[in-house]
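Each residue of the sequence shown is one higher than the one before, starting from 109 at the first, in my numbering.
Cβ coordinates follow ideal geometry from the N, Cα and C atoms, glycine included.
A short worksheet on the structure shown next.
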Amino acid sequence: MILIRCLLTGDEDMANQKSEELIELIGLQRFYVESITNIMSETGKKWYDGEIGIAEEHMITNVMRKIIEINNHKIEVKGLIEGVAVICNPEGDDHTMSNLVLEGLLKIRKYKVVNIGGNWYMGEKTKATNTAIIDFTIESRPDIVFISVTIARYLFNAKLIAKELSKALPDTEVFLGGQGTQGIIAGELQEGIHLANKDTLNTLNHL
Ligand code: B12
Numbered sequence: 109m110i111l112i113r114c115l116l117t118g119d120e121d122m123a124n125q126k127s128e129e130l131i132e133l134i135g136l137q138r139f140y141v142e143s144i145t146n147i148m149s150e151t152g153k154k155w156y157d158g159e160i161g162i163a164e165e166h167m168i169t170n171v172m173r174k175i176i177e178i179n180n181h182k183i184e185v186k187g188l189i190e191g192v193a194v195i196c197n198p199e200g201d202d203h204t205m206s207n208l209v210l211e212g213l214l215k216i217r218k219y220k221v222v223n224i225g226g227n228w229y230m231g232e233k234t235k236a237t238n239t240a241i242i243d244f245t246i247e248s249r250p251d252i253v254f255i256s257v258t259i260a261r262y263l264f265n266a267k268l269i270a271k272e273l274s275k276a277l278p279d280t281e282v283f284l285g286g287q288g289t290q291g292i293i294a295g296e297l298q299e300g301i302h303l304a305n306k307d308t309l310n311t312l313n314h315l
């Protein structure tokens, strides 16, 4: 794909232009859930196989994040909002690009989005971090909460956050999703906590 070539050479302007062309062709939502996800997993594979270094992987991630942010800003939320959505990662998980993609997809559906993000560097203070995420989310009074987990070892944290939120906010729909949730078995989660469909648009279209 031409876009990945622009990203690999660090040509940000060209990457932007190619993204615009792709969006024109397949629409923003498919660009988010198909093109970006594919390009990023290919990038991860190239890094894993030693074809590219850590710096190149970071550069691609950085340019991609900017492209998503530019496009998210273009989404206009007019009229009555559908609800409030909070997006977060559990402590430890640094994969925040999914949050940006989800932010855009929720904005398209007229949600006011509070994206707490990730990158919590509090060392051993996992409990304090979880409390911070939980308290902030409760204060935001969301209709839905999206918890994104990419690395499975942070699933325990994510489940803990989900459980507390579901207890404190019984009318709020809490979703766990992302690559790190692949091992969850249907029915394993308690009532009020949903496992996001592998097809992200499927989950979003059923909100
Ligand atoms: C970018 C990246 C990073 C960046 C993250 C930067 C950032 N700010 O996001 C950096 C460099 C920091 C990083 C670090 C690491 N990474 Co990394 N990373 C990636 C990479 C290349 C892309 C991830 C991405 O952004 N994808 C694009 C998004 C849009 O796709 P997505 O996350 O799948 O989200 C989609 C769906 O899953 C869904 N979704 C996600 N969450 C949710 C939640 C809900 C509720 C819903 C509805 C939907 C949903 O929505 C999206 C659209 O459909 C992946 C490769 C890959 N296969 O994805 C590796 C990858 C995830 N990383 C990996 C690893 C191993 C690491 C490190 C452990 C490496 C290391 N040794 O340090 C660290 C861990 C750091 C940490 N503590 O979290 C492995 C994970 C392997 C595994 N199975 O555990 C991967 C798969 C790479 C590989 N091939 O080995 N990484």
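Spatial distance of residue i from residue j (CA atoms)
i       : j       : result
His-314 : Arg-217 : 11 Å
Ala-276 : Phe-244 : 12 Å
Leu-312 : Gly-200 : 25 Å
Thr-117 : Leu-188 : 43 Å
Asn-223 : Lys-174 : 16 Å
Gly-291 : Asn-146 : 21 Å
Glu-128 : Met-205 : 19 Å
Glu-177 : Lys-233 : 30 Å
Gly-300 : Asn-207 : 21 Å
Tyr-156 : Ile-241 : 32 Å
Glu-190 : Val-221 : 11 Å
Cys-114 : Lys-153 : 17 Å
Gly-161 : Lys-186 : 43 Å
Glu-159 : Val-171 : 19 Å
Ser-143 : Asn-197 : 22 Å
Tyr-229 : Asp-202 : 10 Å
Asn-124 : Tyr-140 : 14 Å
Asn-180 : Tyr-219 : 13 Å
Asp-121 : Glu-165 : 18 Å
Asp-119 : Glu-296 : 45 Å
Phe-264 : Thr-258 : 12 Å
Met-167 : Leu-284 : 28 Å
Identity of the residues DSSP links to residue i by a beta bridge
i       : result
Ser-256 : Gly-285
Val-194 : Val-222 and Val-253
First through last residue of the beta strand (DSSP E) which encompasses residue i
i       : result
Lys-220 : 219-225
Leu-303 : 301-303
Inter-residue CB distance, residue i and residue j (contact presumed, cutoff 8 Å)
i       : j       : result
Asn-227 : Leu-268 : That pair is no contact at about 19 Å.
Thr-289 : Pro-250 : Between Pro-250 and Thr-289 the Cβ distance is about 19 Å, and since that is not below 8 Å, they are no contact.
Ile-195 : Ser-256 : 7 Å
Val-209 : Ser-248 : Their Cβ separation, rounded to whole angstroms, is 20 Å, which puts Val-209 and Ser-248 out of contact at 8 Å.
8 Å Cβ cutoff, residue i in contact with chain B
i       : result
Ile-168 : Checking the listed chains, one finds no chain B in this structure; it contains a single protein chain.
Endpoints, alpha helix (DSSP H) assigned at residue i
i       : result
Gln-298 : No alpha helix (DSSP H) holds Gln-298; DSSP gives it neither H nor E.
Trp-155 : 145-156
Leu-133 : 120-134
Asp-243 : 234-247
Lys-267 : 263-276
Glu-211 : 205-216
Val-171 : 162-182
Ile-112 : 110-116
Any non-hydrogen atom of the ligand B12 closer than 7 Å to residue i Cβ
i       : result
His-314 : no
Ala-260 : yes
Ser-127 : no
Glu-165 : yes
Ala-304 : yes
Ser-274 : no
Ser-256 : yes
Asp-371 : In this structure the chain extends from 109 to 315, so residue 371 is not present and cannot be described.
Gly-191 : no
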